[in-house]
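Once you know that position 214 of the sequence shown is 200 in the numbering used here, the rest is easy, because the numbers rise by one and skip nothing. In this text, a Cβ means the ideal position worked out from N, Cα and C, and glycines have one as well.
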Amino acid sequence: MPPSPSPSPTPDTPRPTYASLLAEGTAVPTEGWDFSWFQGRATEARPSWGYAVSLAGRLAGARAALDLDTGGGEVLDFALERAVRRPVLTVAAEGWPPNVAKATALLRPRGVAVVAVAEDRPLPFADGTFDLVSSRHPVRPRWTEIARVLEPGGTYFAQHVGPRSAFELVEYFLGPQPDAVRGARHPDRERADAEAAGLEVVELRAERLRMEFHDIAAVVHFLRKVVWMVPGFTVEAYEPRLRALHERIASEGPFVAHSTRHLVEARRPAP
-13 MPPSPSPSPT
-3 PDTPRPTYAS
7 LLAEGTAVPT
17 EGWDFSWFQG
27 RATEARPSWG
37 YAVSLAGRLA
47 GARAALDLDT
57 GGGEVLDFAL
67 ERAVRRPVLT
77 VAAEGWPPNV
87 AKATALLRPR
97 GVAVVAVAED
107 RPLPFADGTF
117 DLVSSRHPVR
127 PRWTEIARVL
137 EPGGTYFAQH
147 VGPRSAFELV
157 EYFLGPQPDA
167 VRGARHPDRE
177 RADAEAAGLE
187 VVELRAERLR
197 MEFHDIAAVV
207 HFLRKVVWMV
217 PGFTVEAYEP
227 RLRALHERIA
237 SEGPFVAHST
247 RHLVEARRPA
257 P
């Protein structure tokens, strides 16, 4: 989401109705990872490490690069545009068909091959193909496959969603979650899984970041876009909670939550 809000409406500007906000949040397309629609409606602080810019530097030093869970290709496109040199081979993998189409349209002009890969299938690449594998917010890191397609000495560089990310919003709709759910995606667990796959974790940094939702349209669009937050979310199923949250935002101000992110750098040891 955008890092800072737009100016608030002036006192003379009529406020949108609850019904119009629901309709707007429901109508916005959800393909890709472009969050520009949220400008002025929701904000999220950015991690201090600047993942996309850092990825540009990694791409400049790579020979063959693979970007996993590329979404609509927006982050990879940003990084390639800023890389002082591009890899000889760059491949992007994505599992959701609407995102595959969007990423192909965006990345093909840059010479990137976009491959459709289902989450439950092995990566369709030979062992040791890439010296750089990257991912921003993978659905689930596939450590064994990452280690397999990396060449000895190759690097996995990624930004992951951490534990309890936006859980204030999740638990508003779903109620208190079991400890196992709340602790999922913990960086310590991911370190152990990466090492079990044969990777050496070089760096692991975590941050907790403030999020603000300024209207109910932003909440609706966010939950439609980030579907694993409230599985099966529909406006109809959660209408009473949405109405109550709309009234709360109108009377108290933005709904505040916190995202968690961690930066991961792991290496496949050389012989």
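query	result
For R229, which option in A13, L8, V98 and P2 has the closest C-alpha, if you only look at C-alpha atoms?	L8
Is A50 near D113, with beta carbons less than 7 Å apart?	no
Taking 7 Å as the threshold (C-beta atoms), are V216 and F159 in contact?	yes
Anyone know if the C-beta pair for N85 and E131 falls short of 7 Å?	no
Using C-beta distances below 6 Å, list every residue in its chain close to F153, excluding the 5 sequence neighbours before and after it, in chain order.	none
If you run the structure through DSSP and keep just helix, strand and coil, what is L118?	strand
Quick check: the Cα distance between F199 and G139, rounded to an integer number of angstroms?	43 Å
How far does the beta strand (DSSP E) with D174 in it extend, from its first residue to its last?	Careful: D174 lies outside any beta strand (DSSP E), inside the alpha helix (DSSP H) at P173 to A182.
Need the endpoints of the alpha helix (DSSP H) that H146 sits in, please.	Segment L136 to V147 is the beta strand (DSSP E) holding H146; no alpha helix (DSSP H) there.
Among the residues of its own chain, which have a CB less than 8 Å from the CB of R247, if the five just before and after it don't count?	P33, Q145, H146, V147, G148, S151, A192, E193 and L195
For A90, I'd like the list of residues in its chain whose CB is within less than 7 Å of its CB, leaving aside the five on either flank, ordered along the chain.	Before going further, note that residue 90 is Thr rather than Ala in the sequence given. V100, listed in sequence order.
Within 10 angstroms of its Cβ, does D174 collect 16 or more other Cβ (buried), or is it exposed?	exposed
Any heavy atom of the ligand SAM closer than 6 Å to the Cβ of G47?	The ligand SAM is not part of the structure shown, which contains no ligands of any sort.
For G26, which option in R107, M197, G184 and S40 has the closest C-alpha, if you only look at C-alpha atoms?	M197
Hey, out of A102, A170 and E137, whose CA is closest to R126's CA?	A170
Work out the CA separation of W23 and V103 for me, nearest whole Å.	28 Å
Whose C-beta lies closer than 8 Å to the C-beta of E60 among residues of the same chain, with five residues either side of it excluded?	G18, W19, D20 and L92
Excluding five sequence neighbours on each side, which residues of the same chain lie with their C-beta closer than 6 Å to the C-beta of A79?	L54, V101 and V103
Given this structure, state the Cα-to-Cα distance separating P95 from I202, to the nearest angstrom.	37 Å
Please classify G57 as buried or exposed, where buried requires at least 16 other C-beta atoms within 10 Å of its C-beta.	buried
Compare the C-alpha of E157 against each of A13, D179, L209 and V188 and name the closest.	L209
So, under 8 Å CB-CB, V135 and F111 are touching, yes? Tell me the CB distance rounded to an integer number of Å.	5 Å
So T16 is in the alpha helix (DSSP H); what residue range does that whole segment cover?	Segment: none, T16 is in no alpha helix (DSSP H) and carries neither H nor E.
So if DSSP puts M215 in a beta bridge, which residue, or which two residues, is it bridged to?	M215 is not bridged to any residue.
By Cβ distance, which residues of its chain are closer than 6 Å to A42, with the 5 residues on each side in sequence left out?	A65, R68 and A69
Roughly how many angstroms separate the alpha carbons of S(-8) and D179, rounded to a whole number?	Any answer about S(-8) is weak, because its pLDDT of 43 lies below 50 and its placement is not dependable; what the coordinates show is given next. Rounded to the nearest angstrom, the two C-alpha atoms are 41 Å apart.
For L249, name the three-state secondary structure that DSSP assigns.	strand
In its own chain, which residues sit with a C-beta less than 7 Å from the C-beta of W214, not counting the 5 before and 5 after it?	none
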